[in-house]
Each structure stands twice: as C-alpha cells, then as structure tokens.
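Just so you know, the protein sequences line up as chains E and Y, in that order.
Residue numbering for the first sequence follows this note's numbering, starting at 29 and increasing by one per position.
Residue numbering for the second sequence follows this note's numbering, starting at 163 and increasing by one per position.
Every residue, glycine too, gets a C-beta built ideally from N, C-alpha and C.
The structure appears right after this line, and notes come after that.
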Amino acid sequence: GPSAHRQQSPTKHRYPSLHKSRGRGTTTSRWLVLAMAMMRFYIQKGTHKGLYKSIARTLKFFQTIALVEVVHCAIGIVRTSVIVTGVQVCSRIFMVWFITNSIKQIQNEESVILFLAVWTFTEITRYSFYTFNLLNHLPYFIKWARYNMFIIMYPLGVAGELLTIYTALPYVRKTGMLSMRLPNKYNVSFDYYYFLVIVMLSYIPLFPQLYFHMLRQRRKVLLGEIIVEKDE
Amino acid sequence: MTSQGSRKAVVFFEVEILDAKTKDKLCFLDKVRPLHKYYPQWYAARQSIRLDPKGKSLKDEDVLQHLPVGTTATFYFRDLGAQISWVTVFLTEYGGPLLLYLMFYFRVPFIYAPKYDFTTSKHWVVHLACMCHSFHYLKRLLETLFVHRFSHGTMPLRNIFKNCTYYWGFAAWMAYYINHPLYTPPTIYGEQQVRIALIIFLFCQVGNFSIHIALRNLRPPGSKTRKIPYPTKNPFTWIFLLVSCPNYTYELGSWFGFTLMTQCLPVAFFTAVGFIQMTVWAKGKHRSYLKEFRDYPPLRSPILPFVL
C-alpha cells in the first residue's frame with residue numbers, strides 16, 4: 029500500500045521541540061558541570077589561583093562546540109537571534125582562545141574569574157529557560173531570572189572581559205604575539221596590540237545594543253508591553 | 163500615478179491614503195492633488211504607495227484606472243526616509259578612492275615617517291599600480307556621468323555612509339601598503355607576473371566598459387523598459403552567451419589582475435569581498451531575468467560561466 033513506501037522522517041522533524049530541548053538540556057548540563065568544577069576547586073583550595081588552569085581544557089572544549097550548536101540551531105530559529113547569539117559565541121571563543129589561553133600570565137587574574145562566573149551563571153539561566161520553555165513547563169522563577177539577572181550580569185561580565193584584555197596588553201606588547209611587520213612578501217602588517225585596543229573600543233557601540241535588546245525583550249515578556257519594532 | 167479620463171465616459175475616483183503602520187487616515191483626495199501638498203516633508207521620492215500595507219510599492223507609471231480598486235481607492239503610504247540621488251552617491255563613492263590613493267602615492271605628511279614625506283617609490287610597479295587604480299576610478303566616474311541609465315532616481319540617505327565607508331576604507335587600506343616605503347614588489351614570478359597582471363587588468367577594463375555600453379544601448383533615453391541583453395558585434399560582449407552579469411565578471415577580473423600586480427593581501431581581501439557581494443547581486447539579477455522572461459537563454463550563469 030502507499031504507507032509501505034513512506035519515508036521515515038528523522039526524529040527532529042517529527043518532534044522539533046523535543047529535539048531542540050534535548051540540545052538545550054545538554055548545554056545546560058555542560059555549564060552546570062563547569063559551575064560545579066569551579067565551586068569544588070574554590071572550596072577545596074580556598075583560592076582562585078590555578079582555577080582557570082584546572083577548568084581550561086573543559087572550558088575550551090565547551091566553548092568550541094557551542095559554535096556548532098549555534099549553526100545547528102540556526103536552522104530552526106528566527107534569523108535575528110542567530111546574529112545576537114553568534115556575536116556572543118564569537119566574543120566568548122575569542123576571549124577563551126585568543127586571550128586567556130594564549131597569555132598564561134593573566135590566567136590567575138580576578139577579572140578572569142569574574143567573567144567566567146558571569147558566563148556560567150548566565151548560560152545556566154538561559155539554557156534552563158529554553159529547555160523548560162520548549163517542554164512547556166516553565167517555572168516562573170527561571171523566567172524571572174532570565175529576564176532580570178542580566179541587568180547586573182551583563183555589565184559585570186563586560187567589566188571582567190575588558191579588565192582581562194586590558195591586563196593582557198603589556199604582555200602582548202612585550203612578546204609581539206600574533207603580529208606581523210613590514211617588509212614581507214604579502215605586503216600587509218598586523219599589530220595584535222592595537223587590534224585588542226580596537227576590540228575594547230568596539231564594546232562601546234556593541235554592548236548597549238545587546239543590553240537594550242534584552243531590556244526590550246524584558247518589557248515585552250515580563251511586563252506585557254507591546255513594542256512596535258522599527259521596519260527594515 | 164496618473165489618472166486619465168476618456169472623452170466619452172468620465173470616471174471619477176476618490177482616493178484615501180492611510181499610513182501603512184498605524185492605519186491613520188492621512189488624506190482624502192477627491193481632486194488630483196499631490197500627497198506632498200498636504201505633507202510637504204514627504205516629497206515624491208520618499209513616498210511608497212501600495213495597495214496592501216505589507217505589499218510592494220506601486221510604480222510611477224501605474225494608472226489608477228488599471229488598478230484593482232473600486233471607485234473609492236484605499237492606498238497605504240510608507241515613508242522611505244531621506245533620499246539621495248544615485249548619481250550623487252556614485253560620484254562620492256568613487257571620488258574618495260581616487261583622491262585617497264593619490265594622497266598615499268604622493269606620500270602626503272602624517273601617513274608614513276616624516277623622512278618619506280613627498281618622496282616617490284623606487285619600484286616601477288608602484289607607479290603602474292597608481293595609474294591602474296586611478297584609471298579604474300576615473301572610468302567609473304565618467305561612466306556614472308555619461309553612460310549609466312539608472313532605473314531608480316534615488317536611494318535611502320544612509321546608504322551613502324555605508325558605501326563610502328566601504329570604498330574609502332578599503333582604498334586607504336590598500337593604498338597604505340602599496341605605497342609604503344617598505345613595500346615588496348611581486349617576488350613569485352617578478353616582472354613576468356606584473357606584465358600578465360597588467361594585461362588581465364586592461365582586458366577586463368575594456369570588457370567592463372563594453373558591457374556598460376551594451377546595457378545602455380538596450381534602453382532608450384528616459385524609458386524604463388527591461389530587455390534581455392545579447393552579444394553585439396563587440397567581441398567583449400560575446401560573454402553574454404555564458405553569463406547574465408558580465409560587468410561583474412569583468413570587474414572581478416580587473417581586481418584579480420590588480421591583486422596579482424601588487425601582490426598585496428589587503429587587495430586580495432578587497433577582491434574577495436567584492437566577489438561575494440557581486441555574486442549576490444548577480445544571482446538576484448539572474449533570478450529576476452528568469453522570472454520576467456520566459457525565453458531567457460538557459461546556458462547562462464549569473465557571474466562565472468558554468469560555475470556560479
């Protein structure tokens with residue numbers, strides 16, 4: 029009969045919410061693992077020195093596969109949130125691979141622990157929210173946390189990241205890392221030091237946009253305001 | 163929009179115009195009177211009038227009688243924002259790179275170390291590159307003034323900032339390295355490389371110009387009709403057999419030649435970015451050709467023969 033030749037569609041097409049929530053659930057648990065590793069280290073050692081080193085490999089691994097997830101989930105999400113998420117993931121990968129991983133001397137700085145703690149907290153809240161939302165069982169406190177905690181978390185995280193980059197600058201200057209000078213056969217030069225300065229300056233236009241985007245979302249979701257979006 | 167009456171039966175229309183977003187009634191026309199008499203800040207180029215709030219804009223040539231409306235027509239108005247003419251944008255976009263490159267070439271003060279101010283490079287390829295770059299943008303400026311026929315009169319004002327940042331930024335970046343005192347001329351194949359690069363560059367400049375002329379001749383002055391372009395007697399236009407937008411193909415070729423000539427990574431970067439943008443435009447144009455013309459030649463690709 030006709031049903032004999034019907035193709036079995038993969039699970040994710042028949043139960044798109046379930047598939048997405050499984051993905052979000054694993055991300056939540058990854059960040060929980062990281063949070064627990066960090067807390068355990070601090071409780072055992074009583075200091076944050078060496079904490080980064082102990083979680084470094086796990087952190088790098090998680091951040092890099094987060095990239096795959098952005099692409100994977102992009103197929104099912106509205107395009108604008110891909111850009112916002114994409115910018116965040118890229119800036120995180122940049123921090124992890126090009127700052128803290130490459131410049132050993134700053135790994136014990138307080139600012140590193142600050143942004144790691146902020147990232148961990150924010151991601152656990154965010155992905156729990158997505159997971160429960162997709163399963164249609166969203167406890168109010170998670171929704172509340174997701175749309176209120178960012179108000180202090182975002183500025184704290186930015187402070188941690190900026191302070192870390194700023195602390196790294198002298199080491200970059202001294203070692204001349206990732207830099208290329210003239211003359212060379214490609215006729216190009218790159219100064220990682222000034223590049224980092226530009227990255228720091230770029231927070232000035234970019235951070236407010238992210239922050240106000242979240243504030244607008246908060247007004248829509250928590251306070252039920254109707255906001256007329258600017259047309260393209 | 164225009165409204166005509168025939169000599170025998172005169173049809174009267176009443177037209178109301180609503181804001182597309184808020185649906186407020188903006189005005190009610192029972193005589194033929196332009197919208198901007200009621201709202202002087204919304205001059206004609208800024209107006210987008212449509213039958214449906216989310217639909218496409220009506221064209222200037224549309225006639226009221228031939229639209230699917232009753233005797234009271236409801237149109238939706240959208241403000242397109244401040245507009246600027248295409249000619250102004252092009253002249254500014256292209257004038258910038260022309261002047262900026264020359265500033266770097268003549269080593270105007272404050273760019274390089276003071277001991278190099280107003281000196282010239284000892285490499286002949288640097289002089290050649292300056293001539294090619296300047297020729298390219300001069301050609302573009304002249305084409306804007308005398309060759310191109312634009313379908314739209316204006317574009318949104320913010321485009322000029324975006325476009326100028328792109329063109330001026332890249333021109334300065336490239337010019338800085340090519341005219342740098344520590345510039346290294348092509349090392350892979352030396353003089354041979356520069357010669358071949360120059361031939362490619364000139365060939366593509368002539369090709370690009372031929373295509374612009376061919377496209378201009380498709381459209382009589384003042385008209386907005388669209389036709390399929392075909393190869394002419396000029397051999398440079400024979401590429402129309404294989405490609406929908408050969409002007410972009412030749413443009414890519416020119417910049418590829420320039421990259422080869424200067425062996426400069428920023429130039430390669432600029433070529434790559436331009437290639438991506440032109441491919442997007444070519445695919446769009448190709449798609450609209452296919453939609454508009456049933457008999458469109460099937461062998462053609464958007465920008466690269468058989469490939470893209």
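Can you list, in chain order, the residues of its chain whose CB lies under 7 Å from that of T411(Y), leaving out five sequence neighbours each side? Against the second sequence, residue 411(Y) aligns to sequence position 249. Excluding residues within five positions, the ones whose Cβ falls inside 7 Å are I401, V405, I465, L466.
For my contact list, Y345(Y) and Y351(Y) are in at a C-beta cut-off of 8 Å; report their separation, rounded to the angstrom. Residue numbering aside, residue 345(Y) sits at position 183 when the second sequence is read from its first letter. Residue numbering aside, residue 351(Y) sits at position 189 when the second sequence is read from its first letter. In fact, because the Cβ distance is near 17 Å, the residues do not count as touching under 8 Å.
Please determine, among H76(E), T113(E), N176(E), the residue with the shortest C-alpha to C-alpha distance to I141(E). The sequence position of residue 141(E) within the first sequence is 113, counting from 1. Answer by Cα proximity: H76(E).
Within 10 angstroms of its Cβ, does R174(E) collect 16 or more other Cβ (buried), or is it exposed? The sequence position of residue 174(E) within the first sequence is 146, counting from 1. It counts as buried.
Inter-residue CB distance, F432(Y) and W417(Y) (contact presumed, cutoff 8 Å): For this step, residue 432(Y) is matched to residue 270 along the second sequence. For this step, residue 417(Y) is matched to residue 255 along the second sequence. With 8 Å as the limit, F432(Y) and W417(Y) qualify as a contact, their Cβ atoms being about 7 Å apart.
Who are the near neighbours of Y80(E) in its chain, counting only those whose CB is closer than 6 Å to its CB and skipping five residues on each side? As a position in the first sequence, residue 80(E) is number 52, starting the count at 1. Cβ neighbours of Y80(E) beyond the five flanking positions: Q135, V140.
Taking a cut of 9 Å between CB atoms, which residues from the region 411-429 of chain Y lie near chain E? So the list reads T424, Q425, C426, L427, P428, V429, given in the order they occur along the chain.
For F157(E), collect the residues of the same chain with a Cβ closer than 6 Å to its Cβ; drop the 5 residues on either side in sequence, then sort them by chain order. Position 129 of the first sequence, counted from the start, is the residue given in the question as residue 157(E). Contacts found: I170, R174.
Members of the region 202-230 of chain E that neighbour chain Y once the beta carbon cut-off is set at 8 Å: Listed in chain order, the positions of the region 202-230 of chain E with a beta carbon within less than 8 Å of a beta carbon of chain Y are L210, P211, N212, K213, Y214, N215, V216, S217.
Of the listed residues V177(Y), F266(Y), T316(Y), nearest to T234(Y) (C-alpha basis): The count along the second sequence starts at 1 and reaches residue 234(Y) at position 72. The shortest Cα separation from T234(Y) among V177(Y), F266(Y), T316(Y) belongs to V177(Y).
Report back the beta-carbon spacing between L144(E) and I121(E) to the nearest angstrom; my notes put them in contact at under 8 Å. Taking the first residue of the first sequence as position 1, residue 144(E) is located at position 116. Taking the first residue of the first sequence as position 1, residue 121(E) is located at position 93. With a Cβ gap of about 14 Å, L144(E) and I121(E) do not count as contacting.
Mind checking R209(E): buried by the 16 CB within 10 Å criterion, or exposed? Numbered from 1 along the first sequence, position 181 holds the residue referred to as residue 209(E). It counts as exposed.
When you compare each of L264(Y), I438(Y), D214(Y), G243(Y) to A337(Y) by their alpha carbons, which one comes out closest? Your numbering for residue 337(Y) matches position 175 in the second sequence. Out of L264(Y), I438(Y), D214(Y), G243(Y), L264(Y) has the C-alpha closest to the C-alpha of A337(Y).
Does H342(Y) have its Cβ less than 8 Å from a Cβ in chain E? Counted from its first residue, the second sequence places residue 342(Y) at position 180. Cβ-Cβ to chain E under 8 Å: yes for H342(Y).
Got a sec, what are the start and stop residues for the beta strand (DSSP E) S247(Y) sits in? In the second sequence, the residue the question calls residue 247(Y) occupies position 85. S247(Y) -> beta strand (DSSP E) spans 245-247.
If we define contact as Cβ-Cβ less than 8 Å, is T281(Y) a contact residue for chain E? Stepping through the second sequence from its first residue, residue 281(Y) is reached at position 119. Chain E contact via Cβ: absent.
Note the first and the last residue of the continuous beta strand (DSSP E) segment covering T236(Y). As a working mapping, residue 236(Y) is identified with position 74 in the second sequence. Its beta strand (DSSP E) spans residues 234-241.
For R107(E) and chain Y, any beta-carbon pair shorter than 8 Å? Sequence index remark: in the first sequence, residue 107(E) carries index 79 (1-based). Bear in mind that a pLDDT of 45 at R107(E), under 50, signals an unreliable position, so the number given afterwards is only what the model happens to contain. Answer no: the Cβ-Cβ gap between R107(E) and chain Y never drops below 8 Å.
Have a look at A63(E), T128(E), C118(E) and flag the residue whose alpha-carbon is nearest the alpha-carbon of Y194(E). For the purposes of this step, residue 194(E) is taken as the residue at position 166 of the first sequence. For Y194(E), the nearest C-alpha among the options comes from T128(E).
Alpha helix (DSSP H) containing R174(E): first to last residue? Here residue 174(E) corresponds to residue number 146 of the first sequence, with the count starting at 1. Note, R174(E): alpha helix (DSSP H), 168-176.
Could you check if C426(Y) is buried or exposed, using at least 16 other CB atoms within 10 Å of its CB as the buried criterion? Taking the first residue of the second sequence as position 1, residue 426(Y) is located at position 264. Buried, by the Cβ-count rule.
Is the CB-CB distance between S219(Y) and R208(Y) below 8 Å? Residue mapping note: residue 219(Y) aligns to position 57 of the second sequence, counting from 1. Residue mapping note: residue 208(Y) aligns to position 46 of the second sequence, counting from 1. Their beta carbons are not under 8 Å apart, which means S219(Y) does not touch R208(Y) by this criterion.
Y339(Y) CB to nearest chain E CB: under 8 Å? Within the second sequence, numbered from 1, the residue matching residue 339(Y) stands at position 177. Chain E contact via Cβ: present.
Tell me whether the beta-carbon of H374(Y) lies closer than 8 Å to the beta-carbon of Y274(Y). As a working mapping, residue 374(Y) is identified with position 212 in the second sequence. As a working mapping, residue 274(Y) is identified with position 112 in the second sequence. It is not a contact, given that the beta carbons lie outside the stated cut-off.
Starting from T128(E), trace the beta strand (DSSP E) both ways and give me its first and last residue. Within the first sequence, numbered from 1, the residue matching residue 128(E) stands at position 100. It is not in any beta strand (DSSP E) - T128(E) carries neither H nor E in the DSSP assignment.
Is it right to say N215(E) is buried, meaning 16 or more other beta carbons lie within 10 angstroms of its own, or is it exposed? Residue mapping note: residue 215(E) aligns to position 187 of the first sequence, counting from 1. Buried.
Measure the CB-CB distance between I390(Y) and Y458(Y) and report whether it falls below 8 Å. The residue given as residue 390(Y) occupies position 228 in the second sequence. The residue given as residue 458(Y) occupies position 296 in the second sequence. Yes, the pair counts as a contact, with Cβ atoms nearer than the cut-off.
Compute the Euclidean distance between the alpha carbons of R107(E) and E353(Y), then round it to the nearest angstrom. For the purposes of this step, residue 107(E) is identified with residue 79 of the first sequence, where counting begins at 1. For the purposes of this step, residue 353(Y) is identified with residue 191 of the second sequence, where counting begins at 1. Because R107(E) sits at a pLDDT of 45, beneath the cut-off of 50, its placement in the model cannot be relied upon, and the point is left open.
Interface partners of Y345(Y) on chain E, CB under 9 Å: One-based indexing of the second sequence puts residue 345(Y) at position 183. Result: L210, P211, N215.
For G185(E), the nearest candidate out of L166(E), F223(E), P198(E), F235(E) (CA to CA): For this step, residue 185(E) is matched to residue 157 along the first sequence. Taking only the C-alpha atoms, the option nearest G185(E) is F235(E).
Measuring only the C-alpha atoms, how far is T236(Y) from I179(Y)? Taking the second sequence and counting its residues from 1, the one referred to as residue 236(Y) is at position 74. Taking the second sequence and counting its residues from 1, the one referred to as residue 179(Y) is at position 17. Inter-residue distance for T236(Y) and I179(Y) is about 6 Å (C-alpha atoms, whole angstroms).
Please determine, among K202(E), M242(E), L190(E), M205(E), the residue with the shortest C-alpha to C-alpha distance to I232(E). Locating residue 232(E) in the first sequence gives position 204, counting from the first residue. Sorting K202(E), M242(E), L190(E), M205(E) by C-alpha distance to the C-alpha of I232(E) places L190(E) at the top.
With 8 Å set as the bound, which would you pick, yes or no: does the beta-carbon of T472(Y) sit closer than that to a beta-carbon of chain E? This structure cannot settle anything about residue 472(Y), because the visible part of chain Y is limited to 163 through 470.
At the level of alpha carbons, what is the spacing between P393(Y) and W286(Y)? Looking up residue 393(Y) in the second sequence gives position 231. Looking up residue 286(Y) in the second sequence gives position 124. The straight-line gap from Cα to Cα measures roughly 38 Å.
First and last residue of the beta strand (DSSP E) that includes R474(Y)? As displayed, chain Y neither begins before 163 nor continues past 470, which places residue 474(Y) out of reach and without an answer.
Rounded to the nearest angstrom, how far is the Cβ of L238(E) from that of V112(E), given a contact under 8 Å? The count along the first sequence starts at 1 and reaches residue 238(E) at position 210. The count along the first sequence starts at 1 and reaches residue 112(E) at position 84. Right, their Cβ atoms sit about 7 Å apart.
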